[in-house]
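Inspection log for the structure reproduced underneath, given as structure tokens.
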Amino acid sequence: MSLKIRLSRGGAKKRPYYRIVIADSRRSRDGRFIERVGSYNPMVPKDHPERLNFDQERIKYWLGVGATPSDRVARFLAAADMVAAPVIHEQTKKHLPKAKAQERLAEAEVKKAAAEEAAAAAAAPTEAELAAEQASAEEAAPAEEAVAAEALAEEVKEEA
Numbered sequence: 002m003s004l005k006i007r008l009s010r011g012g013a014k015k016r017p018y019y020r021i022v023i024a025d026s027r028r029s030r031d032g033r034f035i036e037r038v039g040s041y042n043p044m045v046p047k048d049h050p051e052r053l054n055f056d057q058e059r060i061k062y063w064l065g066v067g068a069t070p071s072d073r074v075a076r077f078l079a080a081a082d083m084v085a086a087p088v089i090h091e092q093t094k095k096h097l098p099k100a101k102a103q104e105r106l107a108e109a110e111v112k113k114a115a116a117e118e119a120a121a122a123a124a125a126p127t128e129a130e131l132a133a134e135q136a137s138a139e140e141a142a143p144a145e146e147a148v149a150a151e152a153l154a155e156e157v158k159e160e161a
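When we follow the numbering used here, the leftmost residue of the sequence shown carries the number 2, and every step to the right adds one.
Written out as structure tokens, the structure reads:
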């Protein structure tokens, strides 16, 4: 008979309460168990002392007899330094796109980058446009100086 240290669910709908039990691994989750060794109430705050209670001596006994803890119970026991922390397996890559889809995505990104560069090049002024702007600015400069000179002359006339 293979023994498990696992959680057995109790409580109302959407208000879970778990008992930490020793049970035959072939029994159902909430079915018959050998011994109740603790409780876990996820509805109370994490720092509350009633969130997790268990009898360390009985759990040590059952671990010595050969009972194996479930993943969640192993995490509880690891937090109490009773067993080694369980290995957390790396996430699978099945949700990622396959090779061809990744190639298509890479091609689309390259095309998008080329289109952005072309748009930036079209928006940037050419050398001819820059030269034309400089020429018009040079022509406008003497006209601005003439306007400033006229304004100065009018000020001098008003003072006199």
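C-beta atoms are modelled at their ideal positions from N, C-alpha and C, and glycine is treated no differently.
Predicted, not measured: the structure shown is a model, and the values here were computed from it.
> To which residues does DSSP link Glu-36 through a beta bridge?
Replying inline: Looking at the DSSP output, Glu-36 shares a beta bridge with Ile-23.
> Between the beta-carbon of Phe-55 and the beta-carbon of Val-66, is there less than 8 Å?
Replying inline: No, the pair does not count as a contact, with Cβ atoms beyond the cut-off.
> Where does the unbroken alpha helix (DSSP H) through Met-65 begin, and where does it stop?
Replying inline: Note on residue identity: the sequence assigns Gly, not Met, to residue 65. Counting along the chain, the alpha helix (DSSP H) containing Gly-65 begins and ends at 57-66.
> Which value, in whole angstroms, describes the spacing of the CA atoms of Arg-76 and Ala-86?
Replying inline: Answer to the nearest angstrom: the Cα atoms are 6 Å apart.
> Whose CA, out of Arg-73, Ala-80, Pro-98, Glu-118, lies closest to the CA of Ile-6?
Replying inline: Minimum Cα distance to Ile-6 is reached at Arg-73.
> Out of curiosity, what's the CA-to-CA distance linking Ser-1 and Ile-89?
Replying inline: Only positions 2 to 161 of the chain appear in this structure, which leaves residue 1 out of reach.
> Starting from Arg-73 and walking both ways along the alpha helix (DSSP H), at which residues does that stretch end?
Replying inline: Start and end: 72-80.
>> In this structure, how does DSSP classify Arg-7 when only helix, strand and coil are distinguished?
In response: Arg-7 falls in the strand class under three-state DSSP.
> Anyone know if the C-beta pair for Ile-23 and Leu-4 falls short of 8 Å?
Replying inline: The Cβ atoms of Ile-23 and Leu-4 lie closer than 8 Å to each other.
> Under the rule that 16 or more other beta-carbon atoms within 10 Å means buried, what is Ala-68, buried or exposed?
Replying inline: Counting of Cβ neighbours within 10 angstroms places Ala-68 among the buried residues, the total reaching 16 or more.
> From this set, Asp-48, Tyr-62, Lys-112, Met-44, which residue's C-alpha is nearest Gly-11's C-alpha?
Replying inline: Here the closest residue by C-alpha is Met-44.
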